[in-house]
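J.: Chains as they are written, first to last, in the working numbering: chain A, 1 to 441; chain B, 442 to 544.
Backbone N, C-alpha and C define an ideal beta-carbon position, used for all residues, glycine too.
Quick one: the structure is below, and I'll ask about it shortly.
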Amino acid sequence: MHAIALDSKYGVPTVAIHTNAFDKAVQSVIRMHGMPEARYTFVPQPVMGKTAEQLRAYVEGKSPISGRPVMQEVIEGLTRPAEGDRIKEIKFERSTPRMVDSDTDENLHHLFLENNWTDKLPIVLPTEKKVREMLARTSRKPDEVAGHMRSNQFRQYWEFTVEKVAVNAVMAGARPEYFPLILALASSGVSARGSTTSSMAAMVVVNGPIRNEIGMNSGTGAMAPYNHANATIGRAYGLLSQNLQGGSLPGDSYMGSQGNGYAYGTVTFAENEERSPWQSFHVQHGFKPADSTVSIFTGCRSTAFTLGVREKFWREHVRNMLRGMDAHSAPTFLLDPIAARQYIDRGGFDSKEKMIEWVYENALMPAGEYWDYQLIQNYIYPRATFGEEPYASKLKAAPDEMIKMFKPDEIHVVVVGGETNGYWRIMGCNYQKTVSVDEWR
Amino acid sequence: MADGINGTDKISVLNPVGFPPKITPKPMAPRLESLDGKTLYLVDPRFDDSGLFLRQVQDWFADYMPSVTTKLVEMSSVYTKDDPKTWEMIKANGDGAIIGVGH
């Protein structure tokens, strides 16, 4: 992506070197960015962790994709004139047809599966009748643009209408009364099928009256597959993300190395406002209690959990959990109401903000360890070296000095669970935004 | 068309895919006639030990094409952010660029 900009916008002949795991992704990106002749070569995956000698062997070796010497491709990429022939491969004016060619039920299911339009589980076919029923639950017009989405920052945005969202909602098995909430998720522009090698999933927290209007679960088993609304809204978010952003195909538009089971239904639940001792999440973020909202978190991967908040060593237990989390993904505490009340008893946290402040002060790590994490090297260290705070100040710490792992505005608390016990967990994830559901009714 | 009454009826369903962006072709910069005497910037996106890799590329040029001047430069921030200051600097001072290792 940067190579395309440097080459086309700044007029500097440029060659990009990638690892071979990104062959299809590179082809897809350069095609969608209108530069199919962009110059590139490949070395073996991984580069990370290799010695200088091993990397020199990569440089001296051949591309695992083309079989030609890497440096020969680099030099040719800088010197061989553009031929202009591959530009003809691009269709510059495309539109997605509204309908699929009519066929039998069985054949259409096969088609949707083969076209990678599903999550590989059976779907409900989006007939006109079912899509109409879905559309009847919003005041928005079917052809109104509902939003734009892309799988990561190197991809271009795709556009979609209210009707396109309805099609995906039907496929997920959602009921029409869920549709405003699903539209709100789509309109956020945040993808639940983000393409990152780290295999992220999204998490959805619903607040306000819509929770009870559509029968969402915030109690026992709220994050598990035991509630129709929770299950199908999360699934709809995943399906609409992959289909409305132009796909989510491993090796092409999805690069998650291991994948993530959270992505099957997306982690979707309602906050247990009725049993929470604190202000609800959406009110913390500027909405009124009577507003219906949906909040989106991405980067869900690492999770720590425990039972209760013990009187003697609770502080140590929580610090241990925080040290065990991925240092790059901030903690969101998902607390059963029992655990939430225990935090009040143990720590005196009569507001979520007080608990967040304590977590901020106690999520600590020796600076040397912190800066050595590969994710910190990739995403935080560059920002620190160019003066961005608070990272620049952290970089001045001695290796043994304890530094704060997270920023306070990255830490969140949500109450969920049915009080069958005081279990709670920390989800490593990044809060993206809270969106009004009411605007999509 | 019926709405899926039995297995042999043909039914009509909607396409779930969004609308792709209009693709605008981008011009490529003119290529160099030769690298002899030229200055190449090796751009480190600071991702997964990419700097260590580019130092090997730099050594390769020193060994095999010593007439080429190579300058290793780090992107100003994380690889996900555009870096126009660095691109402008390369445009002003360099003849070509190698970015690696891409991700």
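Measure how close the beta-carbons of Phe112/A and Thr118/A come, nearest whole angstrom, since I'm counting them as under 8 Å.
T.: The sequence position of residue 112/A within the first sequence is 112, counting from 1. The sequence position of residue 118/A within the first sequence is 118, counting from 1. Confirmed, about 5 Å.
J.: Since Ile182/A meets chain B, which of its residues come closer than 8 Å, beta carbon to beta carbon?
T.: Your numbering for residue 182/A matches position 182 in the first sequence. Chain B residues near Ile182/A: none, gap ~13 Å exceeds 8 Å.
J.: Does any residue of chain B have a CB that is nearer than 8 Å to the CB of His2/A?
T.: In the first sequence, counting from the first residue as 1, residue 2/A sits at position 2. So yes, His2/A belongs to the interface.
J.: Helix, strand or coil, according to DSSP, for Thr527/B in the structure here?
T.: On the second sequence, residue 527/B is found 86 positions in, with the first residue counted as 1. The answer is helix: DSSP assigns Thr527/B an H, G or I state.
J.: So within the stretch 456-509 of chain B, which uninterrupted beta strand (DSSP E) runs reach at least 3 residues, ignoring any that extend past its ends?
T.: Here the runs fully enclosed are 480-485.
J.: Output the distance between the C-alpha atoms of Asn115/A and Thr303/A, rounded to the nearest integer angstrom.
T.: Locating residue 115/A in the first sequence gives position 115, counting from the first residue. Locating residue 303/A in the first sequence gives position 303, counting from the first residue. Cα to Cα, the separation comes out at about 33 Å.
J.: What number of angstroms, rounded off, separates the C-alpha of Tyr520/B from the C-alpha of Thr19/A?
T.: Residue numbering aside, residue 520/B sits at position 79 when the second sequence is read from its first letter. Residue numbering aside, residue 19/A sits at position 19 when the first sequence is read from its first letter. In a straight line, the C-alpha of Tyr520/B is about 15 Å away from that of Thr19/A.
J.: Select from Phe22/A, Phe42/A, Ala263/A, Gly194/A the residue whose C-alpha is nearest the C-alpha of Lys120/A.
T.: Taking the first sequence and counting its residues from 1, the one referred to as residue 120/A is at position 120. Considering only alpha carbons, the answer is Ala263/A.
J.: Indicate whether at least one CB of chain B lies closer than 8 Å to the CB of Gly61/A.
T.: Along the first sequence, read from residue 1 onward, the residue named residue 61/A stands at position 61. Judged by the 8 Å Cβ criterion, Gly61/A is not in contact with chain B.
J.: Who are the Cβ neighbours of Arg341/A in its own chain at under 8 Å, not counting the five residues just before and after it?
T.: For the purposes of this step, residue 341/A is taken as the residue at position 341 of the first sequence. So the list reads Pro277, once near-sequence residues are dropped.
J.: From this set, Arg193/A, Asn217/A, Pro250/A, which residue's C-alpha is nearest Asp23/A's C-alpha?
T.: For this step, residue 23/A is matched to residue 23 along the first sequence. The residue with the shortest Cα to Cα distance from Asp23/A is Pro250/A.
J.: Give every residue of the same chain whose Cβ lies closer than 7 Å to the Cβ of Ile30/A, excluding the five residues on either side of it in the sequence, and list them in chain order.
T.: On the first sequence, position 30 is the one that residue 30/A refers to. For Ile30/A, where only same-chain residues beyond five positions count, the Cβ hits under 7 Å are Ile4, Pro36, Ala38.
J.: Under 7 Å from any heavy atom of the ligand COA, does the C-beta of Gln242/A make it?
T.: Judged by which ligands are present, the structure shown has none, so any question about the ligand COA falls away.
J.: Please tell me whether Gly537/B has its Cβ less than 8 Å away from any Cβ of chain A.
T.: Within the second sequence, residue 537/B is the residue found at index 96, counting from 1. For Gly537/B, the answer is yes, since a Cβ of chain A falls inside 8 Å of its Cβ.
J.: Using CA atoms only, rank isn't needed, just tell me which of Phe179/A, Asn207/A, Ser195/A is closest to Tyr237/A.
T.: Start at 1 with the first residue of the first sequence, and residue 237/A comes out as number 237. For Tyr237/A, the nearest C-alpha among the options comes from Phe179/A.
J.: Alpha carbon to alpha carbon, what distance is there between Ile296/A and Arg323/A?
T.: Counted from its first residue, the first sequence places residue 323/A at position 323. Counted from its first residue, the first sequence places residue 296/A at position 296. Roughly 24 Å separates the two Cα atoms.
J.: Is the beta carbon of Thr266/A sitting closer than 8 Å to the one on Ala222/A?
T.: The residue you call residue 266/A lines up with position 266 of the first sequence. The residue you call residue 222/A lines up with position 222 of the first sequence. Taking the C-beta atoms as reference points, Ala222/A is found no nearer than 8 Å to Thr266/A.
J.: Name the chain B residues that come within less than 9 Å of Val131/A, Cβ to Cβ?
T.: Here residue 131/A refers to the residue found at position 131 of the first sequence. Under the 9 Å cutoff, chain B gives Val454, Leu455.
J.: State buried or exposed for Arg68/A, treating a residue as buried only when at least 16 other CB atoms are found within 10 Å of its CB.
T.: Translated into the one-based positions of the first sequence, residue 68/A becomes position 68. Residue environment analysis places Arg68/A among the exposed positions, since fewer than 16 neighbouring C-beta atoms fall within 10 angstroms of its C-beta.
J.: For Asp7/A, return the contacting residues in chain B, with the cut-off set at a CB-CB distance below 9 Å.
T.: Position 7 of the first sequence holds residue 7/A. From the beta-carbon of Asp7/A, the residues of chain B found nearer than 9 Å are Lys467, Pro468, Met469, Ala470, Ala538.
J.: Short of 8 Å in beta carbon distance, which residues of its chain neighbour Tyr360/A, apart from the five on each side in sequence? Order them along the chain.
T.: Taking the first residue of the first sequence as position 1, residue 360/A is located at position 360. These residues qualify, in order along the chain: Lys404, Phe406, Lys407, Pro408, Ile411.
J.: Identify the residues that DSSP records as bridge partners of Trp424/A: which are they?
T.: Mapped onto the first sequence, residue 424/A falls at position 424. Paired residues: Thr306/A, Leu335/A.
J.: Starting from His282/A, trace the beta strand (DSSP E) both ways and give me its first and last residue.
T.: The residue labelled residue 282/A in the question sits at position 282 within the first sequence. No beta strand (DSSP E) contains His282/A, which is instead part of the alpha helix (DSSP H) from 281-284.
J.: Interface residues of chain A around Gly459/B at Cβ under 8 Å?
T.: The residue you call residue 459/B lines up with position 18 of the second sequence. Under the 8 Å cutoff, chain A gives Thr96, Met149, Trp158, Glu159, Phe160, Lys164, Asn243, Leu244, Gln245, Gly246.
J.: Residues of the stretch 44-70 of chain A with a CB closer than 8 Å to any CB of chain B: list them in chain order, please.
T.: Pro46, Val47, Met48, Gly49, Lys50, Ala52, Leu55, Arg56, Tyr58, Val59, Glu60
J.: How would you list, in chain order, the residues of chain B whose beta-carbon sits under 7 Å from the beta-carbon of Met32/A?
T.: Reading the first sequence from its first residue, position 32 is the one you call residue 32/A. Within chain B, the residues near Met32/A are Ile464.
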